[in-house]
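In our numbering, the protein residues as written are 6 to 177.
All residues carry an ideal CB built from backbone N, CA and C; glycine is no exception.
Read the structure below first, then the notes.
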């Protein structure tokens with residue numbers, strides 16, 4: 006009964022069928038493979054350009070941060086470690102990688118005396134010597150880096166006040 010109708014014995018050496026019912030296995034054509042590689046190359050090229058642009062922006066931001074720190078250290082010294090005097094100075098940081106130019110000019114006070122409170126009563130100053138108004142200086146600092154044709158720069162402008170020397174301090 007086991008050999009009836011060939012159900013129990015499936016290891017027959019029958020020839021595979023041939024004819025229109027058998028489907029051919031197909032792979033990708035050469036044109037499809039070339040197009041796929043071309044598309045992959047274009048996509049990778051665009052990705053590399055995006056990553057390269059991002060790295061350039063990160064490097065530029067880092068350079069601007071370093072330039073800002075140098076500028077802050079220069080501006081912190083003015084009026085503290087050295088007297089504020091009108092004039093121009095220049096120098097560099099990091100072996101010439103960052104260059105700076107500072108211009109200090111005396112400027113007018115943007116809030117003239119007497120206009121701060123128009124309703125204020127006049128103050129009696131009989132016998133008192135009032136200190137003179139502080140001198141106001143405009144400090145402009147330009148920090149640049151990179152080559153001249155592709156260089157970048159940042160400008161910082163601030164105001165600093167200095168009390169003028171008293172008449173007694175002017176004479177030794």
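| Check | Outcome |
| --- | --- |
| Within 8 Å, strictly: CB atoms of residue 93 and residue 81 | no |
| Bridge-paired residues (DSSP) for residue 104 | 97 and 149 |
| Residue of 155, 50 and 144 minimising C-alpha distance to residue 161 | 144 |
| Residues sharing a beta bridge with residue 2, DSSP | This structure cannot speak to residue 2, because the chain is shown only from 6 to 177. |
| Nearest-angstrom Cα separation, counted from residue 33 out to residue 155 | 49 Å |
| Nearest to residue 106 (by Cα), restricted to the options 69, 169, 150 and 58 | 150 |
| Other residues of its chain near residue 72: CB distance less than 7 Å, five sequence neighbours each side excluded | 103, 148, 150 and 159 |
| Alpha carbon of residue 5 to alpha carbon of residue 75, nearest angstrom | What is shown of the chain runs 6 to 177, which leaves residue 5 out entirely. |
| Three-state class that DSSP yields for residue 87 in the structure shown | strand |
| Where the alpha helix (DSSP H) containing residue 57 begins and where it ends | 35-82 |
| Beta-carbon proximity of residue 110 to residue 139, cut-off 8 Å | no |
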